[in-house]
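Before any comments, here is the structure.
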Amino acid sequence: MSPIQCRLLTAFLPRRPGAAAGLLSPAILPTWPAATCACSTRSSQSADTSPDASWPSLDVMAVWDDVKRVIVRLKDERPSPLRQWPDPSYDEHLPPFRIHLAAWAVSTAADLLDQFGDDVDLTVGALPFPPRRLREPRPDVGQRADQLDPYLATVELDGAAVVPSGHTLHHALFLRNLSLDEINLATNGQLTADVVDLETEQVVGGFAGAQLLRGVMFYIAPGEIERIPLLIGTESFVPDLGYTVPAGQWGMQTTLSFGSDPTDSRDSVDWRTPVLPLTITD
Numbered sequence: 009m010s011p012i013q014c015r016l017l018t019a020f021l022p023r024r025p026g027a028a029a030g031l032l033s034p035a036i037l038p039t040w041p042a043a044t045c046a047c048s049t050r051s052s053q054s055a056d057t058s059p060d061a062s063w064p065s066l067d068v069m070a071v072w073d074d075v076k077r078v079i080v081r082l083k084d085e086r087p088s089p090l091r092q093w094p095d096p097s098y099d100e101h102l103p104p105f106r107i108h109l110a111a112w113a114v115s116t117a118a119d120l121l122d123q124f125g126d127d128v129d130l131t132v133g134a135l136p137f138p139p140r141r142l143r144e145p146r147p148d149v150g151q152r153a154d155q156l157d158p159y160l161a162t163v164e165l166d167g168a169a170v171v172p173s174g175h176t177l178h179h180a181l182f183l184r185n186l187s188l189d190e191i192n193l194a195t196n197g198q199l200t201a202d203v204v205d206l207e208t209e210q211v212v213g214g215f216a217g218a219q220l221l222r223g224v225m226f227y228i229a230p231g232e233i234e235r236i237p238l239l240i241g242t243e244s245f246v247p248d249l250g251y252t253v254p255a256g257q258w259g260m261q262t263t264l265s266f267g268s269d270p271t272d273s274r275d276s277v278d279w280r281t282p283v284l285p286l287t288i289t290d
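For the sequence shown, our numbering puts the final residue at 290, and the numbers step up evenly by one.
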């Protein structure tokens, strides 16, 4: 499925309804970047734009045929380790073939590298594979929003958050409006958590996949509580930790964007929630 097809498909996905009675319903806005969609890609994967490179050579086509067969097999696995991959129905891809795998799929990445070598460009979770391969550094995740004003609003989890290392949890938090004004929370249908070290509060992991959900506003009246979907990923952002955040007691935070238009960041004020408890298991 192409990225455009993914966007068209996810544009018609319904919003997950609130779990508690009496909660305010959010307003659904036009599609904007950001839900989970594992998709194939057709983008050109080579910087060579000369006429001779406009069509793959026979050698390249032979390699692509082998890669394509592996992609089709991995797509059918349950759970599939694939997150993003070249479209198998399109035969003009050029190496290196970019393949993004789930954080738990290190053995799959090793098999692909062993079979195809430099003909594949592999990412596992949020990090390149193998680890020694250089790539542009991840944007600085240390520059975060100010801590949420406790006189403005409070948050708490909808129950304990427990997730296996390398996997993703669809959870929720409750946002209580303590102010005298309505809070307009801009989301992409859900919030996305950062995993943080409990001692330093530095971000060490989170969700690294594509998100293509519709823009959704939550309107919370003074004194009201709203349940907000929360996506918790455990992909490691720190190479020293490996590809997944290891089992243990961790914290998590998410950014709340209060504003009237989710498509315009200039119209919002970002707040960082307090650190909330997260248990990661083996």
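Note that CB positions come from ideal geometry on N, CA and C, so glycine has one too.
Report task. Label TYR251 either buried or exposed according to how many other C-beta atoms from any shown protein chain fall within 10 Å of its C-beta, with 16 as the threshold for buried. Result -> buried
Query - Cut-off 6 Å between Cβ atoms - residues of its own chain near LEU177, not counting five sequence neighbours on either side - result: VAL171, ILE240
Report task. Please state whether DSSP places GLY125 in a helix, a strand or coil. Result -> helix
Requested in this report: Report the three-state DSSP secondary structure of ALA229 (helix, strand or coil).
Outcome: coil
Report task. Look at the Cβ atom of LEU66, then the Cβ atom of PRO89, and state whether they are nearer than 8 Å. Result -> no
Query - For THR208, three-class secondary structure by DSSP - result: coil
Query raised in the report: What is the C-beta distance between LEU183 and ALA161, in whole angstroms, given that I count them as a contact (C-beta under 8 Å)?
Result: 6 Å
Report task. Write down the C-beta distance between LEU199 and ILE236 rounded to the nearest angstrom, noting that I regard them as a contact closer than 8 Å. Result -> 6 Å
Query raised in the report: What separation, rounded to the nearest whole angstrom, lies between the Cα atoms of LEU102 and ARG77?
Result: 16 Å
Requested in this report: Check each candidate in ASP74, ASP99, GLU100, ALA111 and name the one with the smallest Cα separation from GLN92.
Outcome: ALA111
Query raised in the report: How about THR262 and ALA201: are their beta carbons less than 8 Å apart?
Result: yes
Query - Cβ-based burial, ASP157 [other Cβ within 10 Å; buried from 16] - result: exposed
**Report entry** One or two residues paired with VAL163 in a DSSP bridge
**Finding:** LEU183
Report task. Please report how far the alpha carbon of PRO138 lies from the alpha carbon of GLY125, in whole angstroms. Result -> 11 Å
Report task. Alpha carbon to alpha carbon, how far is ASP73 from SER115? Give it in angstroms, no decimals. Result -> 22 Å
Query raised in the report: Between the beta-carbon of GLY259 and the beta-carbon of LEU284, is there less than 8 Å?
Result: yes
Query raised in the report: In its own chain, which residues sit with a C-beta less than 6 Å from the C-beta of PRO96, not counting the 5 before and 5 after it?
Result: LYS76, ILE79, VAL80
Requested in this report: List the DSSP bridge partners of GLN155.
Outcome: ARG280
Report task. Within 10 angstroms of the Cβ of VAL277, are there 16 or more other Cβ atoms? Answer buried if so, exposed if not. Result -> exposed
**Report entry** Candidates ASP119, MET225, VAL253, ALA117, of which the one nearest LEU206 by Cα
**Finding:** VAL253
Requested in this report: Report the rounded CA-to-CA distance for ARG106 versus GLU243, giving the unit in angstroms.
Outcome: 19 Å
Requested in this report: Would you mind working out which of VAL163, HIS175, ALA153, LEU220 sits nearest GLY214, comparing C-alpha positions?
Outcome: HIS175
Query raised in the report: So, helix, strand or coil for THR116, using DSSP?
Result: helix
Report task. Please report how far the alpha carbon of ARG152 lies from the alpha carbon of GLU85, in whole angstroms. Result -> 38 Å
Query raised in the report: Comparing alpha-carbon positions, which option in MET69, LYS83, PRO87, THR208 lies nearest TYR98?
Result: MET69
Query - Whole-angstrom distance between ALA118 and ASP127, CA atom to CA atom - result: 13 Å
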